[in-house]
Every structure is written in C-alpha cells, then in structure tokens.
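In my numbering, the protein residues as written are 1 to 47.
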C-alpha cells in the first residue's frame, strides 16, 4: 500500500508497531486512521 510509506517512520519504533498491529487486528481502517493522527502530532515537532 503506497499510503503506508508516508507513515513508515512511525512504525520503526517497536512499541508503535505493536500498538498498530494490535489495533489492526480489530479494524485495519481504525489502525490506519490512528496512525495518520499520530503522524499529525509529529508534524512540526523536532522529535
């Protein structure tokens, strides 16, 4: 999926990856949405 490439850097962290996989077990759409929202928190942040 090309959209995941935009957020791949978030999934480099083991805890974030496990969190995402756990969410995706219930709903892939919700997991993708939450990952996009998490990326918004990091935009403009030096971290």
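Heads up, the beta-carbon is just placed ideally off N, CA and C, and yes, glycines get one too.
Item                                                                                                                                                             : Value
Just mark residue 41 as buried or exposed, buried being the case when its beta carbon has 16 or more other beta carbons within 10 Å.                             : exposed
Suppose the cutoff is 8 Å on Cβ atoms and the five residues either side in sequence are ignored; what does the same chain contact list for residue 25 look like? : none
In angstroms, rounded to a whole number, what distance separates the CA positions of residue 8 and residue 17?                                                   : 10 Å
Using only the alpha-carbon positions, how far apart do residue 27 and residue 43 sit?                                                                           : 25 Å
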